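Just below is one structure, and these are the notes that go with it.
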Ligand SMILES: [Zn+2]
């Protein structure tokens, strides 16, 4: 849709994106603003100022989440309509990942208050702390704190410099000793909306500025070890070898073929690491270890592919006289978006004349944590060439504009709706 038909102000959003990109700037378009660093704190302070401009009261909670709140005179204690994303980045990142979700939500509230609308429930915009997880090796910290999903020992994790998360959080302005107080009471969040860049090539291939997320896929992470026997590469006859890498190659090519055969479905499978021992050009590999990442929205299909993979390993071990061990590292079920929220977004997209293809999210987002306490929905914005976690990450101003407008319109219709209507949520 044309910029003049939008209620939101994209000049303001783009200026803010550029302003934030200066904090932690590493090149023309590159940013390194890792969680709970002084740079992250600067970004949070700036976003807090913008929340106040939009009419919100602002606080930093015990977990370091920045929360802007627009009260509702009509129903001050009603469950919250929450919007959010994150401001922290990977060490070698671009300007949009997470950022457009926070700035887009602030803009949506500002467009709402500028027009004199009053919400029938409180609205909160959250910049969740440490979504990326790159500094302390585990992400979604703020959103998991808010939803009561932190695990033992999370505060004791250290970064590359030996700083614990406990120390980093205290320095950032959070309160590691009262972390539980960041958790929202059951039922306190009515629903959650998140705008995010796609970080993949699907919307571009479909020629759409935005897409509707159907769910966040459940990753299965396995580590496979194959054990053979080392020997001289020159003297052991082929028929007498127990070559672990020959077996691994068989598994990996078979796995790729098996997942590719599901073309047209959202399932993706990746072998991302491969290590061999002892790793010498004239020794038959004795042991190979590789990791498998399998993601799908359809658990039945994912289970079937896992079965297939396990059979491939078993067959390859028999063919090459190997033994093996398969370890399960992560096994998360997919989390589906809420049908009634998706319908609300579809309706607004229709009124905007937007094509809104539907796709799943392979990556995690803060929405994943929220999905355990409330219905949620996500809007994706097209990523140029599908590039992300890279300074070359780029989205067109016009595409972001469509996404922010769609977020605004959806938020407005929810915030002004009779809450009785959505009570099945
Ligand atoms: Zn992100």
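Numbering (our numbering), first residue to last: 433 to 857. We treat Cβ as the ideally placed atom computed from N, Cα and C, and that holds for glycine. Since the model is a prediction, treat every value here as computed from it, not as a measurement.
- Straight across, the Cα-Cα distance linking residue 786 with residue 588 is about 46 angstroms.
- In this structure, residue 664 has its beta carbon at no less than 7 angstroms from each heavy atom of ligand 1.
- Under a 10 Å Cβ-count criterion, residue 674 is classified as buried, with 16 or more other Cβ atoms of the shown protein chains found around its own Cβ.
- Straight-line measurement puts the Cα of residue 650 at about 29 angstroms from the Cα of residue 677.
- When C-beta atoms of the stretch 518-528 are compared with those of the stretch 452-470, three or more pairs fall below 8 angstroms, so the two segments count as touching.
- Following the DSSP letters along the chain, one finds residue 532 inside the alpha helix (DSSP H) bounded by residues 531-546.
- Under the DSSP definition of a beta bridge, residue 651 partners with 727.
- The Cβ-Cβ distance between residue 632 and residue 818 falls below 8 angstroms.
- Annotated as distal: residue 719 and residue 756, with beta-carbon spacing of 8 angstroms or more.
- Counting C-beta pairs with one atom in each stretch, the stretch 564-577 and the stretch 499-508 have fewer than three that are closer than 8 angstroms, which means they do not touch.
- Inclusion of residue 530 in the 7 angstroms shell around ligand 1 follows from its C-beta lying nearer than that to a non-hydrogen atom of the ligand.
- Under DSSP, the beta-bridge partners assigned to residue 808 are 624.
- In this structure, residue 563 has its CB closer than 7 angstroms to one or more heavy atoms of ligand 1.
- The alpha-carbon separation between residue 703 and residue 849 amounts to approximately 47 angstroms.
- Bounds of the alpha helix (DSSP H) holding residue 604 are 597-604.
- Taking C-alpha positions only, residue 458 is separated from residue 447 by approximately 18 angstroms.
- Using a C-beta cut-off of 8 angstroms, the stretch 598-617 makes no contact with the stretch 535-554, since fewer than three inter-stretch Cβ pairs fall below that distance.
- Nearest neighbour of residue 745 by Cα position, chosen from 662, 767, 721, turns out to be 721.
- Straight-line measurement puts the Cα of residue 603 at about 42 angstroms from the Cα of residue 731.
- Listed in chain order, the non-local C-beta contacts of residue 485 below 6 angstroms within the same chain number zero, local neighbours out to five positions each way being set aside.
- Per DSSP, reduced to three states, the secondary structure at residue 699 is coil, with no helix or strand assignment.
- Around residue 482, the same chain offers 448, 538 as residues with beta carbons nearer than 7 angstroms, after the five sequence neighbours per side are excluded.
- In the three-state DSSP reduction, residue 483 falls in the helix class (H, G or I).
- Among the bridge pairs identified by DSSP, residue 720 is matched with 658, 708.
- Rounded to whole angstroms, the separation of the alpha carbons of residue 739 and residue 760 is 13 angstroms.
- For residue 468, the secondary structure class from DSSP, reduced to helix, strand or coil, is coil.
- The continuous alpha helix (DSSP H) containing residue 683 extends over residues 676-692.
- Excluding its 5 nearest sequence neighbours in each direction, residue 491 has C-beta neighbours in its own chain below 6 angstroms: 499, listed in chain order.
- Going by DSSP, residue 575 is part of the alpha helix (DSSP H) stretching over 573-578.
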